[in-house]
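S.K.: One structure is given below, represented as structure tokens, and several questions about it will come after.
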Amino acid sequence: MWAPQGRIGPVRAKEVASGRRDLNCMNNRQDMKQSVVAVSARQAFRRSPTLGLVDEMEAARQAGQDVLSLSTPSFPRHTDLPLAPLSLGLRLSAPEGDPGLRDATRGALFGRWTLPEHELCITAGAKAALFAILRILGEPGERVVVTAPAWPSYDDIVRLAGHQPIAYQPRYDEGFRLDVGVLTRLLADTGARALLLANPGNPTGVIATTAELEGAMAACAAAGALLVLDESFSEIIAEPQAWADSAVAAHPNLVVINSFSKNHHLQGQRVAACMVHASLREDFIAVHQALMSSAPSLGQAAALAALQAGKRTDYSASRAIAVELIRRAGWSCLPNQGTFYHFPYLPDPADTLARLRAVGLFGLTGDIFGAPYANHLRLCFGRPVAEMAEILRRVDAAGLLVKD
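So in the numbering used here, spot 59 of the sequence shown is number 59, and the numbers just go up one at a time.
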């Protein structure tokens, strides 16, 4: 079992069993206190902001308003993916995933990586992969550095795994670039056991440079921490050369997660993949198997069919409309390098959002990705061109665009 500086280890069954016994036993005041603590911890979890946006839009729809989301994708329905052979979809797969899917995924989603000592595991979505890798970190209460702006589920998963998220917040006026010196000190000062980074960034659309990743990897190695890269948008790249250069050499402390949800429009299937060093494989699979047995077999069949179909969605036309919208609105924004998101800065977000809602446009403000980003809006162009054009028309109707 691999344990850098003694800080990574399996979840011990004896400790888990003991914790369960303490929480279930209500025969004394100490046990009652533990029960109250457990309830308090649950209150730290938040409902998904996306679901909150859906509820807000549904209420407006019920009131008779024609609504669109500015911040979430609108994927086409899959009607041409063959789910044969049915034997894959109707049986429970091996805990690490179907062998055929694992072989195909290694080349399709991790082909740019050279990780000879890493092994690929199929998981029930990227969240399950992240939970499993975090759950095998040392002891409960470890610190995990989360690079912001970050999807809020990261913090929730860190807490669910029994740990404490620590925010590292790059600045917009510095291009959301990683300061390796700051990261190195943060890892050392907090004793963090992992650094989580989405690459390309959601919601920023920024791709980390080679120097940034090499610096982050070196900082993690020195601290005995894992570098966990979430590459869930690896197939949605606007700057291919920047993406080709965004990698580091193999290291036992490196973990790479990828997903079929966005890359192949299979959000409802809950299928992802994780590359972990061979020394972590057994513990990783043990946690995932206890949680999910294996990734859904029908989802694995759909993922394999998607890889075999080899289709990619071209977002360039919708991206061009989004760029026009941002330019004509006079918003400041970094170029999109990857993902289907822009993260523009709004001088007056409250007024802007009120005017957008008046024309049926609802969005996610930047504060859900981190407090310093409250003046930002996640703008999604992962949608048909006609829908993106309709959004542009409505923003114009709201009086937010300057005429060319």
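Where is the CB? At the ideal position from N, CA and C, for every residue including glycine.
What's the call for Ala-354, buried or exposed, on a 16-neighbour Cβ count within 10 Å?
M.R.: To locate residue 354, count along the sequence shown from 1; it is residue 354. By the neighbour-count rule (16 or more Cβ atoms within 10 Å), Ala-354 is not buried but exposed.
S.K.: Is the Cβ-Cβ distance between Leu-68 and Ile-326 less than 8 Å?
M.R.: Taking the first residue of the sequence shown as 1, we reach residue 68 at position 68. Taking the first residue of the sequence shown as 1, we reach residue 326 at position 326. Cβ atoms of Leu-68 and Ile-326: not closer than 8 Å.
S.K.: The alpha helix (DSSP H) spanning Arg-405 covers which residue range?
M.R.: The question about residue 405 has no answer, for the chain in this structure spans 1 to 404.
S.K.: Please classify Gln-289: does DSSP put it in a helix, a strand, or coil?
M.R.: On the sequence shown, position 289 is the one that residue 289 refers to. The answer is helix: DSSP assigns Gln-289 an H, G or I state.
S.K.: Closest to Gln-241 by C-alpha separation, out of Val-54, Gln-337, Ser-318 and Asn-375, would be which residue?
M.R.: Looking up residue 241 in the sequence shown gives position 241. Of the candidates Val-54, Gln-337, Ser-318 and Asn-375, the one whose C-alpha sits nearest the C-alpha of Gln-241 is Gln-337.
S.K.: Taking the alpha carbon of Val-256 as the point to measure from, which residue in Arg-319, Leu-130 and Glu-174 has its own alpha carbon closest?
M.R.: Taking the sequence shown and counting its residues from 1, one reaches residue 256 at position 256. Checking every option, the nearest Cα to that of Val-256 belongs to Leu-130.
S.K.: Assuming the contact rule is C-beta atoms closer than 8 Å, Lys-262 and Ile-236 should be a hit. Round their C-beta distance to whole Å, please.
M.R.: Reading the sequence shown from its first residue, position 262 is the one you call residue 262. Reading the sequence shown from its first residue, position 236 is the one you call residue 236. That belief holds up - the Cβ atoms of Lys-262 and Ile-236 are roughly 7 Å apart, short of 8 Å.
S.K.: Quick check: the region 161-169 against the region 205-225, are at least 3 beta-carbon pairs closer than 8 Å?
M.R.: No contact exists between the region 205-225 and the region 161-169.
S.K.: Going by DSSP, name the residue or residues bridged to Ala-258.
M.R.: Residue mapping note: residue 258 aligns to position 258 of the sequence shown, counting from 1. Note on identity: in this sequence residue 258 is Asn, with Ala being the wrong assignment. DSSP, once it has assigned bridges, lists Ala-273 as partnering Asn-258.
S.K.: Do the CB positions of Arg-135 and Ala-108 come within less than 8 Å of each other?
M.R.: By one-based count along the sequence shown, residue 135 stands at place 135. By one-based count along the sequence shown, residue 108 stands at place 108. For Arg-135 and Ala-108, no; Cβs fall outside 8 Å.
S.K.: Could you check which residue in Ala-63, Asp-98 and Val-146 has the C-alpha nearest to that of Leu-226?
M.R.: By one-based count along the sequence shown, residue 226 stands at place 226. Taking only the C-alpha atoms, the option nearest Leu-226 is Val-146.
S.K.: In three-state terms, what does DSSP make of Val-144?
M.R.: Here residue 144 refers to the residue found at position 144 when the sequence shown is read from its first residue. Strand.
S.K.: State the Cα-Cα distance for the pair Arg-29 and Leu-364, rounded to the nearest angstrom.
M.R.: Taking the first residue of the sequence shown as 1, we reach residue 29 at position 29. Taking the first residue of the sequence shown as 1, we reach residue 364 at position 364. The pLDDT assigned to Arg-29 is 38, lower than 50, so where the model puts this residue is not dependable, and the model offers no usable value.
S.K.: Does DSSP put Tyr-315 in a helix, in a strand, or in coil?
M.R.: Reading the sequence shown from its first residue, position 315 is the one you call residue 315. Tyr-315 falls in the coil class under three-state DSSP.
S.K.: Under a Cβ-count criterion, where at least 16 other Cβ atoms within 10 Å of its own Cβ denotes burial, should Leu-92 be classed as buried or exposed?
M.R.: Taking the first residue of the sequence shown as 1, we reach residue 92 at position 92. That one is exposed.
S.K.: Got a sec? Which residues, its chain only, sit under 7 Å from Glu-231 by beta carbon, not counting five neighbours each side?
M.R.: Taking the first residue of the sequence shown as 1, we reach residue 231 at position 231. Around Glu-231: Asn-199, Val-256, Ile-257 and Asn-258.
S.K.: Tyr-168 lies in the beta strand (DSSP E); which residues open and close that run?
M.R.: Looking up residue 168 in the sequence shown gives position 168. Unbroken beta strand (DSSP E) run through Tyr-168: 164-168.
S.K.: What residue from Cys-333, Ala-132, Tyr-154 and Gly-141 has the CA that sits closest to Leu-346's CA?
M.R.: Counted from its first residue, the sequence shown places residue 346 at position 346. Cα-wise, what sits closest to Leu-346 is Cys-333.
S.K.: In or out: Lys-403 buried (at least 16 other Cβ within 10 Å) or exposed?
M.R.: Residue mapping note: residue 403 aligns to position 403 of the sequence shown, counting from 1. Answer is exposed; the Cβ neighbour count stays below 16.
S.K.: Residue range of the alpha helix (DSSP H) that Leu-197 falls in?
M.R.: Taking the sequence shown and counting its residues from 1, one reaches residue 197 at position 197. Run containing Leu-197: none in the alpha helix (DSSP H); it sits in the beta strand (DSSP E), 194-198.
S.K.: Out of curiosity, what's the CA-to-CA distance linking Pro-296 and Val-228?
M.R.: Here residue 296 refers to the residue found at position 296 of the sequence shown. Here residue 228 refers to the residue found at position 228 of the sequence shown. Pro-296 and Val-228: Cα-Cα distance of roughly 24 Å.
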